[in-house]
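Everything on this sheet refers to the single structure shown next.
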Amino acid sequence: MPVLEKANEQNLHLFLYGSTEKTLRLFQENIAKNFPQIQLVGHHVDRFRDATKEEDEEDIKKINQSGAQLILVGRGCPRQEIWVAEHIGKINGVMMAVGAAFDFHASTLKQAPAWMQNNGLEWLFRLIQEPGRLWKRYLFTNSTFIYLILLKIVKLHK
0 MPVLEKANEQ NLHLFLYGST EKTLRLFQEN IAKNFPQIQL VGHHVDRFRD
50 ATKEEDEEDI KKINQSGAQL ILVGRGCPRQ EIWVAEHIGK INGVMMAVGA
100 AFDFHASTLK QAPAWMQNNG LEWLFRLIQE PGRLWKRYLF TNSTFIYLIL
150 LKIVKLHK
């Protein structure tokens, strides 16, 4: 992961937000082994639901007090992107929504072969792996995104 390579070069303080305890533990072991200059300053296991106002305030305080410079957010799409957008100006560090990267680097989820990645087909590989979980996301969320992009293009050409 190029982000971790850069973070390692710059000795950044890293906070991991999201996923399961097992995945976070394995991912942290991977980071410690392969990126020893990164300083892991904290993590938070995903609740797999929206936080209450009080829980959210506690999370913000926990992340900010950790001294994290980089916060990787792995909560699944679109939850992680929404979380990052809602926390701009509240979190004192760079936030990055990273999708299944936690799982890939924890070896809890198999990544697509390089030829599929290089041809923009990783989504298909993931859909085959987890059809029950991903079909709605790919059908509805992605279709909505494509529709909104097409609408924007049409407006630009008027």
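Residue numbering for the sequence shown is 0 to 157, as defined by numbering that gives the first Met the number 0.
Ideal Cβ positions, reconstructed from N, Cα and C, are used throughout, including at glycine.
Here the structure is a predicted model, which is why all the values come from computation and not from measurement.
Give the DSSP-derived three-state secondary structure of residue i in the structure shown.
{"i": "GLY73", "result": "strand"}
{"i": "GLN38", "result": "strand"}
{"i": "HIS86", "result": "coil"}
{"i": "THR140", "result": "helix"}
{"i": "LYS157", "result": "coil"}
Take the Cβ of residue i as the centre, count every other Cβ of all protein chains shown within 10 Å, and call the residue buried at 16 or more, exposed below.
{"i": "ALA99", "result": "buried"}
{"i": "ARG132", "result": "exposed"}
{"i": "GLY66", "result": "exposed"}
{"i": "TYR16", "result": "buried"}
Tell me where the beta strand (DSSP E) around residue i begins and ends.
{"i": "LEU158", "result": "Nothing can be reported for residue 158, as the shown portion of the chain is limited to 0 through 157."}
Under DSSP, the alpha helix (DSSP H) around residue i begins and ends at which residues?
{"i": "MET115", "result": "113 to 117"}
{"i": "VAL44", "result": "Careful: VAL44 lies outside any alpha helix (DSSP H) and carries neither H nor E."}
{"i": "THR22", "result": "20 to 33"}
{"i": "ALA100", "result": "100 to 105"}
Any idea which residues DSSP pairs residue i with across the strands?
{"i": "VAL93", "result": "LEU69"}
One question on the structure: do residue i and residue j come within less than 9 Å of each other, judged by their Cβ atoms?
{"i": "ARG48", "j": "ALA105", "result": "no"}
{"i": "LEU11", "j": "ILE30", "result": "no"}
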